[in-house]
Amino acid sequence: MDYFFELFLSGLTRGSIYALIALGYTMVYGIIELINFAHGEIYMIGAFVGLVVAGVLTSFGFPAFSILILATIAAIVWAASYGYTIEKIAYKPLRNAPRLSPLISAIGMSIFLQNYVMLSQTSEFVSFPKLIPDFKFLKGYEGMIGSTDLLIIIVTAIVMIALNLFIKFTKMGKAMRATAQNRKMAMLVGINVNMVISATFIIGSSLAAIGGVLIASHIGQINFYIGFIAGIKAFTAAVLGGIGSVPGAMLGGLILGWTESFCTGYVSSDYEDVFAFALLVLILIFRPSGLLGKAPTQKV
Amino acid sequence: MKRSLVLLVVVLMFSIGLMGCSQEKKEQTPAKKETAEKTVEKTEAAPAGGEIILGVPGAHSGDLASYGLPTVAAAELVAKSYNDKGGVNGMKVVVAPQDDQCKPELATNAAFKLVSDKVTIVLGHICSGATKAALPIYKEANIVCLSPSATNPPLTQSGDYPNFFRTIASDDAQAALAAKFAMEDLHLKKIAVIHDKGDYGKGFAEFAKKFVEEAKDHEVILFEGITPGAVDYSAVVQKIKSSGADGVIFGGYHPEASKIIMQMRKKTLDIPFISDDGVKAQTFIDTAGAAAEGVYATGPRDITANPLYAVAHQGFLDTHEGKEPGAFYYEAYSGAIALLNAIEKAGSTDYDKIVDALHNNLVETPVGKIKFDSKGDAIGVGFSVYQVHDGQYVEVKK
Chain A
0 MDYFFELFLS
10 GLTRGSIYAL
20 IALGYTMVYG
30 IIELINFAHG
40 EIYMIGAFVG
50 LVVAGVLTSF
60 GFPAFSILIL
70 ATIAAIVWAA
80 SYGYTIEKIA
90 YKPLRNAPRL
100 SPLISAIGMS
110 IFLQNYVMLS
120 QTSEFVSFPK
130 LIPDFKFLKG
140 YEGMIGSTDL
150 LIIIVTAIVM
160 IALNLFIKFT
170 KMGKAMRATA
180 QNRKMAMLVG
190 INVNMVISAT
200 FIIGSSLAAI
210 GGVLIASHIG
220 QINFYIGFIA
230 GIKAFTAAVL
240 GGIGSVPGAM
250 LGGLILGWTE
260 SFCTGYVSSD
270 YEDVFAFALL
280 VLILIFRPSG
290 LLGKAPTQKV
Chain B
0 MKRSLVLLVV
10 VLMFSIGLMG
20 CSQEKKEQTP
30 AKKETAEKTV
40 EKTEAAPAGG
50 EIILGVPGAH
60 SGDLASYGLP
70 TVAAAELVAK
80 SYNDKGGVNG
90 MKVVVAPQDD
100 QCKPELATNA
110 AFKLVSDKVT
120 IVLGHICSGA
130 TKAALPIYKE
140 ANIVCLSPSA
150 TNPPLTQSGD
160 YPNFFRTIAS
170 DDAQAALAAK
180 FAMEDLHLKK
190 IAVIHDKGDY
200 GKGFAEFAKK
210 FVEEAKDHEV
220 ILFEGITPGA
230 VDYSAVVQKI
240 KSSGADGVIF
250 GGYHPEASKI
260 IMQMRKKTLD
270 IPFISDDGVK
280 AQTFIDTAGA
290 AAEGVYATGP
300 RDITANPLYA
310 VAHQGFLDTH
320 EGKEPGAFYY
330 EAYSGAIALL
340 NAIEKAGSTD
350 YDKIVDALHN
360 NLVETPVGKI
370 KFDSKGDAIG
380 VGFSVYQVHD
390 GQYVEVKK
């Protein structure tokens, strides 16, 4: 039973990260029906900004916890500005182009950002400073879960709740929902659609940056390529939960995390990805729009 | 009308491009023939008897040339040093290079060419595949063949090629050392073997598994592959922990190794971690930080303290304008010394006598004092176990 619980927790950590990144995919898709393949790179850039800021602050002798907070804030600001800029230069000019064009533009952006970071930083793995101090979990259960896992789970939960409240109760949240339903109508009733789209990119990128800093301090190393795999997994999570649905992304992330974790624990880690993607295929066969996705209505 | 004009222009452009290509090709072929003829002249001009012809087949052109050319340089330097001393048993050593581009089909051609040119001994080939293709030809012709770089285990272990020797440790030697170290020095009984599913890591892990299973009272309690680049390995670490393993052997490279060791230490799993030379890198220690302390890794034995190493190194610098020698240079240098020394000791170029001399005589080379075991692997070269100590890999002395 202990073993099951341990796997449950490690799946929860993994799933939280997937969910945090998946939110960006799902929100952008919900608003402009674009799969932003550069989103994984935003996560990676968030991690790199965290690394640089943490390095500078450490040399000034700040305490670890304040470094974590400042580095996360810097990563959020930086990544959000990247998300905003990417939307403006790579997607906005193509908003009325055929659906394939912005997708290609997104892939191009992703490759560009990867290479940009590789050239400007390094292609090697670099170690990420230990920002989250180790603390011992309940006596007797020390090995079950680490401080970083716990922090990831807690932060993700807080972010999820805050985001849901934001979408439900604020004016901007309302405008976002309206834009997601029908962009033209939203425009007609006086919603500044461009601003809503920018806000979506900014929020999605900020969440990815939080994920970047957290996972980097969890595994202790980053390189320019981490965004690709995390991005693919998060995208899978978003599709699993129903792309376009915010609760769906969370659910999808957690289910994906648990699938991988239990599969590793009870079958073999050799087949981790096989199981994860088999699950995706299965769900898409029976629920083509994902777990919580709405079946698309064809506009006539 | 307009469209057909455009089409015409396009066709013209392409045909010009093609012509350019074919012309280039035509120009290339005679040039190649010339070099081939040159080598023929070189080797034919060397009458057998008064000279020892040292065939050096390998990748001398193409994308793997950087593995083959250092061997030619090593052979020439060693030949020169023997010739300066008056040759081997009074015979002058002549180097006869032969390009195989590491391709098996070209390697058989190269081998036939060398055999028909009556080479005395062969230093090569470079790649395992090419070596395997060429060996039967040398065996047929009773020619000793010594490779500085073919690491594929069956080349020696199958016993099919009594004429084959090598101055580099085979792929499984490293796993054998890691497994032996884990079982005999660390007294581990239940070992978890983890790999990264890649050719190198999985090969190492499979050999390690084999060696542990062959030993009495030892078992591989867990054998699994992980996905490189995954965001988190805590489930695998959890699995190692619940399996009750008292040690981990990991096959793969340092990014995954450092993630695993960090999560192991975080989950208070303090069992020994033994890995391969993909992990024996300073980057591993830099990324894993404090978690790296105490990690074991096998790596090539340190030969820089050997005085002959300095001689070989300086010889290359002097003849190549200060450039650093490339891959397998020291293995090739040692191989050439071993071959020529064997002829000297045998007192003749007779096949059986050379083989005997290689098996029975110790010879000082840059990679150490070596002779060859019954299968043809060099005794005295290979790997050592290193341990991270105060942020640095230190050789484990027994």
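Here the protein sequences come in this chain order: A and B.
According to numbering that gives the first Met the number 0, the first sequence holds residues 0 to 299 in order.
According to numbering that gives the first Met the number 0, the second sequence holds residues 0 to 397 in order.
Glycine included, each C-beta is placed from N, C-alpha and C at the ideal position.
By DSSP, does Lys91 of chain B sit in helix, in strand, or in coil?
Taking the first residue of the second sequence as position 1, residue 91 of chain B is located at position 92. Three-state result, Lys91 of chain B: strand.
In three-state terms, what does DSSP make of Glu323 of chain B?
Here residue 323 of chain B is taken as the residue at index 324 of the second sequence, counted from 1. The answer is coil: DSSP assigns Glu323 of chain B none of H, G, I, E or B.
In the DSSP assignment, the beta strand (DSSP E) including Gly240 of chain A goes from what residue to what residue?
Here the question's residue 240 of chain A lines up with position 241 in the first sequence. Premise fails: Gly240 of chain A lies in the alpha helix (DSSP H), 225-240, not in any beta strand (DSSP E).
Determine the DSSP secondary structure at Ser126 of chain A, reduced to helix, strand or coil.
On the first sequence, residue 126 of chain A is found 127 positions in, with the first residue counted as 1. Here Ser126 of chain A carries a strand assignment [DSSP, helix/strand/coil].
Of the choices A:Thr12, A:Tyr81, A:Leu102, A:Pro101, whose alpha-carbon is the least far from that of Leu112 of chain A?
Working through the first sequence from its first residue, we reach residue 112 of chain A at position 113. Closest by alpha carbon: A:Tyr81.
Suppose the cutoff is 8 Å on Cβ atoms and the five residues either side in sequence are ignored; what does the same chain contact list for Cys101 of chain B look like?
Counting from 1 along the second sequence, the entry for residue 101 of chain B is found at position 102. So the list reads Gly57, Ala58, Gly61, Leu63, Tyr66, Gly67, His124, Ile125, Cys126, Gly128, Ala129, once near-sequence residues are dropped.
Are at least three pairs of beta-carbons, each pair with one atom in the segment 64-81 of chain A and one in the segment 35-47 of chain A, less than 8 Å apart?
yes
So Pro419 of chain B contacts chain A; which residues on that side make the cut at Cβ distance below 9 Å?
Residue coverage of chain B in this structure runs from 0 to 397, which leaves residue 419 of chain B outside it and unanswerable.
In the DSSP assignment, find the unbroken beta strand (DSSP E) run with Gln386 of chain B in it and report its ends.
If you number the second sequence from 1, residue 386 of chain B lands on position 387. According to the DSSP assignment, Gln386 of chain B belongs to the beta strand (DSSP E) that extends over 382-387.
Apart from the five residues on each side of it in sequence, which residues of its chain come closer than 8 Å, Cβ to Cβ, to Tyr90 of chain A?
Counting from one through the first sequence, the residue named residue 90 of chain A turns up at place 91. Around Tyr90 of chain A: Ile31, Leu33, Asn35, Pro101, Ser104, Ala105.
May I ask you to list, following chain order, the residues of the segment 107-127 of chain A that have a beta carbon less than 9 Å from some beta carbon of chain B?
Glu123, Phe124, Val125, Ser126, Phe127
Indicate whether the contact test is met: 3 or more Cβ pairs, each with one atom in the segment 356-366 of chain B and one in the segment 235-250 of chain B, closer than 8 Å.
no
Spell out whether any CB of chain A is found under 8 Å from the CB atom of Gly224 of chain B.
Taking the second sequence and counting its residues from 1, one reaches residue 224 of chain B at position 225. So, interface residue.
Quick one: which residues of the segment 14-43 of chain A get their C-beta closer than 7 Å to a C-beta of chain B? List them in chain order.
Ile16
Skipping 5 residues on each side, what residues in its chain have a beta carbon closer than 6 Å to that of Leu76 of chain B?
Stepping through the second sequence from its first residue, residue 76 of chain B is reached at position 77. Counting only Cβ-Cβ distances below 6 Å, and skipping sequence neighbours, we find Gly314.
If you run the structure through DSSP and keep just helix, strand and coil, what is Phe249 of chain B?
Indexing the second sequence from 1 puts residue 249 of chain B at position 250. Phe249 of chain B falls in the strand class under three-state DSSP.
My understanding is that Tyr81 of chain B touches Phe180 of chain B, with C-beta atoms under 8 Å, so please give their C-beta distance in whole angstroms.
Position 82 of the second sequence, counting from 1, holds the residue named residue 81 of chain B. Position 181 of the second sequence, counting from 1, holds the residue named residue 180 of chain B. With a Cβ gap of about 39 Å, Tyr81 of chain B and Phe180 of chain B do not count as contacting.
With DSSP collapsed to three states, give me the class of Asp98 of chain B.
Counting from 1 along the second sequence, the entry for residue 98 of chain B is found at position 99. Asp98 of chain B falls in the strand class under three-state DSSP.
Would you please verify whether the beta carbon of Ile303 of chain A is less than 8 Å from any beta carbon of chain B?
With chain A covering 0 to 299 only, the question about residue 303 of chain A has no answer from this structure.
Since Ser146 of chain B is in the beta strand (DSSP E), which residue starts that stretch and which ends it?
Numbered from 1 along the second sequence, position 147 holds the residue referred to as residue 146 of chain B. Looking at the DSSP string, the run of the beta strand (DSSP E) that includes Ser146 of chain B is 143-146.
Against Ser58 of chain A, what residues of chain B qualify as contacts under a CB-to-CB distance less than 8 Å, listed in chain order?
Start at 1 with the first residue of the first sequence, and residue 58 of chain A comes out as number 59. In chain order: nothing, as chain B lies at least about 17 Å away.
From what residue to what residue does the beta strand (DSSP E) around Gly367 of chain B run?
The residue labelled residue 367 of chain B in the question sits at position 368 within the second sequence. Counting along the chain, the beta strand (DSSP E) containing Gly367 of chain B begins and ends at 367-371.
Mapping the DSSP letters down to three states, classify Ala73 of chain A as helix, strand or coil.
Here the question's residue 73 of chain A lines up with position 74 in the first sequence. Three-state DSSP puts Ala73 of chain A in a helix.
Around the Cβ of Arg264 of chain B, are there at least 16 other Cβ atoms within 10 angstroms (buried) or fewer (exposed)?
In the second sequence, residue 264 of chain B corresponds to position 265, counting from 1. Under this definition Arg264 of chain B is a buried residue.
To test your reading of the DSSP string, which unbroken alpha helix (DSSP H) runs of 4 or more residues are found completely within the segment 58-102 of chain A?
63-85
In its own chain, which residues sit with a C-beta less than 6 Å from the C-beta of Leu145 of chain B, not counting the 5 before and 5 after it?
Translated into the one-based positions of the second sequence, residue 145 of chain B becomes position 146. Correct list, in chain order: Leu122, Phe164, Gly334, Leu338.
Can you tell me whether Tyr295 of chain B is helix, strand or coil according to DSSP?
Within the second sequence, numbered from 1, the residue matching residue 295 of chain B stands at position 296. Of the three classes helix, strand and coil, the one that applies to Tyr295 of chain B here is strand, per DSSP.
In this structure, what does DSSP give as the bridge partners for Ser274 of chain B?
As a working mapping, residue 274 of chain B is identified with position 275 in the second sequence. B:Ala296.
On a Cα-Cα basis, can you pick out the residue from B:Pro299, B:Lys138, B:Gly321 that is closest to Val395 of chain B?
Stepping through the second sequence from its first residue, residue 395 of chain B is reached at position 396. When only C-alpha atoms are compared, the closest one is B:Pro299.
Can you list, in chain order, the residues of its chain whose CB lies under 6 Å from that of Pro46 of chain B, leaving out five sequence neighbours each side?
By 1-based counting over the second sequence, the position of residue 46 of chain B is 47. Any reading at Pro46 of chain B is ruled out, since the residue's pLDDT is 42, under 50, leaving its predicted position unreliable.
Decide if His194 of chain B is buried, meaning its Cβ has at least 16 other Cβ atoms within 10 Å, or exposed.
Along the second sequence, one-based indexing puts residue 194 of chain B at 195. Classification for His194 of chain B: buried.
Does Leu102 of chain A come within less than 8 Å of chain B when only Cβ atoms are used?
The sequence position of residue 102 of chain A within the first sequence is 103, counting from 1. No, Leu102 of chain A lies away from the interface with chain B (no Cβ there is under 8 Å from its Cβ).
Which residues does DSSP pair with Thr364 of chain B in a beta bridge?
On the second sequence, position 365 is the one that residue 364 of chain B refers to. According to DSSP, which records beta bridges pairwise, Thr364 of chain B is partnered with B:Gly367.
Determine the direct distance from the alpha carbon of Val354 of chain B to that of Ser160 of chain B, and round the result to whole angstroms.
The count along the second sequence starts at 1 and reaches residue 160 of chain B at position 161. The count along the second sequence starts at 1 and reaches residue 354 of chain B at position 355. Sequence inspection shows Tyr at residue 160 of chain B; the Ser mentioned does not correspond to that position. Between the alpha carbons of Tyr160 of chain B and Val354 of chain B lies a gap of roughly 12 Å.
Going by DSSP in three states, Lys37 of chain B sits in which element: helix, strand or coil?
Working through the second sequence from its first residue, we reach residue 37 of chain B at position 38. Bear in mind that the predicted position of Lys37 of chain B carries a pLDDT of just 43, short of 50, making it unreliable; the figure below should be weighed with that in mind. Helix.
For chain A, find out if any of its Cβ atoms is closer than 8 Å to the Cβ of Gly288 of chain B; answer yes or no.
As a working mapping, residue 288 of chain B is identified with position 289 in the second sequence. Chain A, which has a Cβ nearer than 8 Å to the Cβ of Gly288 of chain B, makes this yes.
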